[in-house]
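In what follows, a structure is listed as structure tokens, so that the remarks can point back to it.
There are 2 protein chains.
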Amino acid sequence: MKALLVIDMQNGFLHASSPLFIAGAPATVPACQKVIDFCRSRSIPVFFVTRRYTEATVERCRYGKWASGGKPLSPGCAAEISADMPFSVLPGDYELLKPRYSAFFATALDLILRRLQVDELILTGTTTPNCIRATCVDGLSLDYEITVLSDCTSSVTEEIQQSNLRDMENIGARILSSDSWMREQLIQSPAVCTRCS
Amino acid sequence: MKALLVIDMQNGFLHASSPLFIAGAPATVPACQKVIDFCRSRSIPVFFVTRRYTEATVERCRYGKWASGGKPLSPGCAAEISADMPFSVLPGDYELLKPRYSAFFATALDLILRRLQVDELILTGTTTPNCIRATCVDGLSLDYEITVLSDCTSSVTEEIQQSNLRDMENIGARILSSDSWMREQLIQSPAVCTRCS
Numbered sequence: 001m002k003a004l005l006v007i008d009m010q011n012g013f014l015h016a017s018s019p020l021f022i023a024g025a026p027a028t029v030p031a032c033q034k035v036i037d038f039c040r041s042r043s044i045p046v047f048f049v050t051r052r053y054t055e056a057t058v059e060r061c062r063y064g065k066w067a068s069g070g071k072p073l074s075p076g077c078a079a080e081i082s083a084d085m086p087f088s089v090l091p092g093d094y095e096l097l098k099p100r101y102s103a104f105f106a107t108a109l110d111l112i113l114r115r116l117q118v119d120e121l122i123l124t125g126t127t128t129p130n131c132i133r134a135t136c137v138d139g140l141s142l143d144y145e146i147t148v149l150s151d152c153t154s155s156v157t158e159e160i161q162q163s164n165l166r167d168m169e170n171i172g173a174r175i176l177s178s179d180s181w182m183r184e185q186l187i188q189s190p191a192v193c194t195r196c197s
Numbered sequence: 001m002k003a004l005l006v007i008d009m010q011n012g013f014l015h016a017s018s019p020l021f022i023a024g025a026p027a028t029v030p031a032c033q034k035v036i037d038f039c040r041s042r043s044i045p046v047f048f049v050t051r052r053y054t055e056a057t058v059e060r061c062r063y064g065k066w067a068s069g070g071k072p073l074s075p076g077c078a079a080e081i082s083a084d085m086p087f088s089v090l091p092g093d094y095e096l097l098k099p100r101y102s103a104f105f106a107t108a109l110d111l112i113l114r115r116l117q118v119d120e121l122i123l124t125g126t127t128t129p130n131c132i133r134a135t136c137v138d139g140l141s142l143d144y145e146i147t148v149l150s151d152c153t154s155s156v157t158e159e160i161q162q163s164n165l166r167d168m169e170n171i172g173a174r175i176l177s178s179d180s181w182m183r184e185q186l187i188q189s190p191a192v193c194t195r196c197s
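Residue numbers (our numbering), protein chains in the order written: chain A, 1 to 197; chain B, 1 to 197.
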């Protein structure tokens with residue numbers, strides 16, 4: 001059983017006015033939306049895992065940059081650097097707040113995935129070296145199979161993107177483009193026609 | 001309060017005959033030993049965090065390589081690929097087994113560090129992209145200050161080493177050579193003469 005994770009795709013990371021802006025992230029929104037729609041159409045659960053910062057929950061190592069840059073992703077900050085997502089959450093989707101880099105760290109993600117009998121995670125979102133990779137490592141440590149969709153993840157530079165995809169592949173994750181992954185799903189289990197079934 | 005972590009410096013990672021060999025690791029043994037001795041001389045606690053593999057505890061994503069390569073780091077494997085370390089553990093040092101990449105994952109490390117009132121970790125050992133980095137990210141997530149000693153950590157290639165040191169610096173860790181770090185300690189708090197104090 002598979003699940004899709006969409007991590008930290010929020011204004012505070014997607015807009016150039018934010019101190020936490022990820023240069024490669026805006027371009028990945030259409031590919032992420034396509035994968036989200038594809039998963040919903042095949043009953044693969046979609047998890048939106050995001051941040052909401054407060055004085056108490058921002059990482060200590062990120063505090064200075066955050067506090068001096070308009071406190072992105074926090075209540076009351078400007079709309080461009082808010083916690084809002086470019087995607088609509090639909091009934092049946094899951095929403096989780098995460099306080100740190102990994103989607104597993106101090107969240108109920110593992111408990112929910114076990115209940116759903118998920119054993120394979122598809123990772124999308126930003127940023128590749130931090131939240132995607134930390135989630136990948138924790139997921140592998142918890143014995144999930146991990147696929148990272150290369151064009152649905154992003155970094156500040158292309159070199160950082162590529163070196164992190166390489167390291168995740170070395171440690172046991174699969175790295176695929178979203179098109180390749182969706183094609184693979186169609187071959188493995190063609191969509192069921194709800195009129196005939 | 002500081003603590004030194006020495007991670008996965010074991011025959012199974014240090015010897016070329018192991019399928020888990022880290023090419024850069026053997027050369028770091030002398031620098032690690034120097035830092036270990038320095039920390040002991042200044043009452044900075046030293047933690048040896050290591051692996052012992054069994055069928056049930058090897059990572060699923062590493063299982064094939066491990067099983068077909070002489071089952072390194074497991075009871076009964078050849079001495080060159082055993083779980084032994086090139087360092088002696090002395091009274092006062094700490095020893096912890098870790099089942100996954102991060103030294104915090106499913107271990108008592110955080111509990112012990114809290115009891116010792118440690119708030120800053122010095123990371124040494126191997127391999128930089130996996131166990132060092134996973135420990136770094138968990139340590140930062142738990143609000144520890146993190147310093148990674150560049151010449152006491154290692155990777156399969158120099159490019160992997162450098163790109164991972166860069167990423168850890170970007171996320172908030174300090175990267176220093178062991179000489180620079182020891183010099184800094186001597187300046188911040190010169191050694192106490194036990195005869196005069």
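A virtual CB, placed ideally from N, CA and C, is assigned to each residue, including glycine.
- Could you tell me whether any Cβ in chain A is nearer than 7 Å to the Cβ of CYS61 (chain B)? The residue given as residue 61 (chain B) occupies position 61 in the second sequence. Judged by the 7 Å Cβ criterion, CYS61 (chain B) is in contact with chain A.
- Answer with yes or no whether the minimum CB distance from PHE105 (chain A) to chain B is below 7 Å. Here residue 105 (chain A) refers to the residue found at position 105 of the first sequence. Answer yes: the Cβ-Cβ gap between PHE105 (chain A) and chain B drops below 7 Å somewhere.
- Query: Once you ignore the five residues that flank VAL118 (chain A) on each side, which residues in its own chain have a CB closer than 7 Å to its CB?
  - Reply: Counting from one through the first sequence, the residue named residue 118 (chain A) turns up at place 118. Correct list, in chain order: MET1, LYS2 and ALA3.
- Looking at the C-beta of ASP110 (chain A), does it have a partner C-beta in chain B at a distance below 7 Å? Taking the first sequence and counting its residues from 1, the one referred to as residue 110 (chain A) is at position 110. Output row for ASP110 (chain A): interface = no.
- Does the beta carbon of ASP119 (chain B) sit closer than 7 Å to a beta carbon anywhere in chain A? Sequence index remark: in the second sequence, residue 119 (chain B) carries index 119 (1-based). Closer than 7 Å: no.
- Does the separation of the CB atoms of GLY125 (chain B) and ILE36 (chain B) fall below 7 Å? Reading the second sequence from its first residue, position 125 is the one you call residue 125 (chain B). Reading the second sequence from its first residue, position 36 is the one you call residue 36 (chain B). Not in contact: GLY125 (chain B) and ILE36 (chain B) (Cβ atoms no closer than 7 Å).
- Query: Taking the alpha-carbon positions, what's the GLU80 (chain B) to LYS98 (chain B) distance?
  - Reply: Against the second sequence, residue 80 (chain B) aligns to sequence position 80. Against the second sequence, residue 98 (chain B) aligns to sequence position 98. The straight-line gap from Cα to Cα measures roughly 20 Å.
- Message: Less than 6 Å between C-beta atoms, sequence neighbours within five positions excluded: which residues of the same chain meet that for PRO19 (chain A)?
- Response: Within the first sequence, residue 19 (chain A) is the residue found at index 19, counting from 1. Once the five neighbours on either side are set aside, the close Cβ partners of PRO19 (chain A) are LYS65 and GLY69.
- Task: Please classify PRO30 (chain B): is it buried, with 16 or more other beta-carbons within 10 angstroms of its beta-carbon, or exposed?
- Result: Your numbering for residue 30 (chain B) matches position 30 in the second sequence. PRO30 (chain B) is exposed by the Cβ-count criterion.
- Query: Can you list, in chain order, the residues of its chain whose CB lies under 8 Å from that of SER197 (chain B), leaving out five sequence neighbours each side?
  - Reply: What you label residue 197 (chain B) is simply residue 197 of the second sequence in a count that begins at 1. Caution is warranted here: a pLDDT of 47 is assigned to SER197 (chain B), below 50, making its placement in the model unreliable, and no coordinate value can be reported.
- Query: Between the C-alpha atoms of ARG52 (chain B) and PHE13 (chain B), what's the straight-line distance to the nearest angstrom?
  - Reply: Here residue 52 (chain B) refers to the residue found at position 52 of the second sequence. Here residue 13 (chain B) refers to the residue found at position 13 of the second sequence. The alpha-carbon atoms of ARG52 (chain B) and PHE13 (chain B) are separated by roughly 12 Å.
- Mind reading off the beta-carbon distance from MET85 (chain A) to PHE38 (chain A)? Whole number of angstroms is fine, and I expect it under 8 Å. Mapped onto the first sequence, residue 85 (chain A) falls at position 85. Mapped onto the first sequence, residue 38 (chain A) falls at position 38. Not quite, the Cβ-Cβ distance comes to about 18 Å (not below 8 Å), so this is no contact.
- Alpha carbon to alpha carbon, how far is PRO72 (chain B) from ALA203 (chain B)? Give it in angstroms, no decimals. Because chain B here runs from 1 to 197, residue 203 (chain B) falls outside it and cannot be looked at.
- Query: From this set, A:PRO91, A:ASP93, A:LYS34 and A:ALA25, which residue's C-alpha is nearest ILE132 (chain A)'s C-alpha?
  - Reply: The sequence position of residue 132 (chain A) within the first sequence is 132, counting from 1. Of A:PRO91, A:ASP93, A:LYS34 and A:ALA25, the residue nearest in Cα terms is A:ALA25.
- Taking 6 Å as the cut-off, does the CB of ASP37 (chain B) come closer than this to any heavy atom belonging to the ligand HEM? This structure simply doesn't include the ligand HEM, nor any ligand for that matter.
- Could you name the residues of the same chain whose beta carbon sits closer than 8 Å to that of TYR94 (chain B), not counting the 5 residues immediately before and after it, in chain order? If you number the second sequence from 1, residue 94 (chain B) lands on position 94. So the qualifying residues of the chain are PRO45, VAL46, PHE47, PHE48 and ILE112.
- Which class does ASN11 (chain A) belong to by DSSP, given the choice of helix, strand or coil? Here residue 11 (chain A) is taken as the residue at index 11 of the first sequence, counted from 1. If DSSP states are grouped into helix, strand and coil, ASN11 (chain A) belongs with the helices.
- Query: Taking the alpha-carbon positions, what's the SER154 (chain B) to CYS152 (chain A) distance?
  - Reply: Here residue 154 (chain B) refers to the residue found at position 154 of the second sequence. Here residue 152 (chain A) refers to the residue found at position 152 of the first sequence. If you take the alpha carbons of SER154 (chain B) and CYS152 (chain A), they lie about 30 Å apart.
- Message: Between which residues of its own chain and LEU176 (chain B) is the CB-CB distance below 8 Å, once the five residues before and five after are set aside?
- Response: Stepping through the second sequence from its first residue, residue 176 (chain B) is reached at position 176. Around LEU176 (chain B): THR147, VAL148, LEU149, SER150 and GLU184.
- Query: Can you list the residues of chain B that ARG100 (chain A) reaches, using a CB-CB cut of under 7 Å?
  - Reply: Working through the first sequence from its first residue, we reach residue 100 (chain A) at position 100. SER141, listed in chain order.
- Residues bridged to GLY125 (chain A) [DSSP beta-bridge criterion]: Taking the first sequence and counting its residues from 1, one reaches residue 125 (chain A) at position 125. According to DSSP, GLY125 (chain A) bridges with A:ILE7 and A:THR153.
- Indicate whether at least one CB of chain E lies closer than 7 Å to the CB of ASN11 (chain B). Reference to chain E is not applicable here, since the protein chains of this structure are A and B.
- Item | 7 Å Cβ cutoff, GLU163 (chain B) in contact with chain A | The count along the second sequence starts at 1 and reaches residue 163 (chain B) at position 163. Note that residue 163 (chain B) is Ser in the sequence shown, not Glu. At least one chain A Cβ lies under 7 Å of SER163 (chain B).
- Task: For THR127 (chain B), count neighbouring Cβ atoms within 10 angstroms of its own Cβ and tell me buried if that reaches 16, exposed if not.
- Result: As a first step, residue 127 (chain B) must be located in the second sequence, where it is residue number 127. Buried, by the Cβ-count rule.
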